[in-house]
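Dropping the structure here:
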């Protein structure tokens, strides 16, 4: 693995990712710059300088040493089977539904006098 140790200080120090919105900001006066990557800075903030840095035009996020735990304690809700709904669904014939849809789609133009055009107009009107 390729890695680089950026700092030997304790985890009690305050580390922040900082993205300056103004290129004229001198971040060195707020802390030690440990790394720069595409305009983003990793900085160890000096004591008492965080409040001053917040006043500048920057976006910042504190770096935490606590690991993220992606574990959900609650299980997803169970699907409750409803027999009444299943009985209604069973009464529907897929071929009948498809034939109704096909009939509504089978008119040639809105000026048509075909039966399907009248069926589509009645469907929209209802």
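Residue numbers (the working numbering): 11 to 136. Even glycine gets a Cβ: it sits at the ideal position worked out from N, Cα and C. What you are looking at is a predicted structure, and each value in this text was computed from that prediction instead of being measured.
Q: Quick one: give me the first and last residue of the beta strand (DSSP E) that residue 47 is part of.
A: 41 to 47
Q. Which of the three DSSP states, helix, strand or coil, is assigned to residue 36?
A. coil
Q. Taking the alpha helix (DSSP H) that residue 101 falls in, what are its first and last residues?
A. 93 to 101
Q.
If I measure Cβ to Cβ from residue 50 and keep anything under 8 Å in the same chain, skipping five residues before and after, which residues do I get?
A. 27, 28 and 29
Q. How about the segment 41 to 56 and the segment 14 to 25: do they share at least three Cβ pairs that are nearer than 8 Å?
A. yes
Q) Is residue 15 helix, strand or coil when you go by DSSP? A) coil
Q | Minimum Cβ-Cβ distance from residue 31 to chain C less than 9 Å | A | Any reference to chain C falls outside this structure, which holds one protein chain only.
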